[in-house]
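Step one of this worksheet: look at the structure below.
In my numbering, the protein residues as written are 120 to 223.
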């Protein structure tokens, strides 16, 4: 039914605002298209996270969403781990959803 959407993924990246420019450059270079940016603020009290987990999160966030060819999604997620250290606490979160699975 949606053959033109097969193979595309919807990538969502949430990170600190300070990383916005570098993330945008890396994502567009990797093939990200129709890139949108939304600014947000974390809702958890930083003091709570510091006491419980020893984490000091950046409260100002950037949410970057884009379309990406599915064949590039693993490489992009790996790049986020290597270049932006998304495998470490307080760095960022990224996930993909197949576009064919989204309701349109």
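Using N, Cα and C, we set each Cβ at its ideal position, and we do this for glycine too.
Straight-line Cα distance separating residue j from residue i
i, j, result
"residue 211", "residue 220", "24 angstroms"
"residue 145", "residue 216", "19 angstroms"
"residue 149", "residue 214", "15 angstroms"
"residue 208", "residue 125", "33 angstroms"
"residue 198", "residue 180", "20 angstroms"
"residue 127", "residue 206", "24 angstroms"
"residue 136", "residue 202", "16 angstroms"
"residue 189", "residue 218", "9 angstroms"
"residue 204", "residue 147", "18 angstroms"
Identity of the residue in the options nearest residue i by Cα
i, options, result
"residue 156", "149, 194, 131 and 148", "131"
"residue 141", "159, 183 and 160", "183"
"residue 178", "147, 193 and 159", "159"
"residue 151", "200, 206 and 191", "191"
"residue 200", "134, 222 and 147", "134"
"residue 154", "218, 137 and 129", "129"
C-beta contact flag for residue i and residue j at 8 angstroms
i, j, result
"residue 187", "residue 195", "yes"
Residue i - DSSP class collapsed to helix/strand/coil
i, result
"residue 180", "strand"
"residue 147", "helix"
"residue 196", "helix"
"residue 135", "strand"
"residue 129", "strand"
"residue 214", "strand"
"residue 153", "strand"
"residue 187", "strand"
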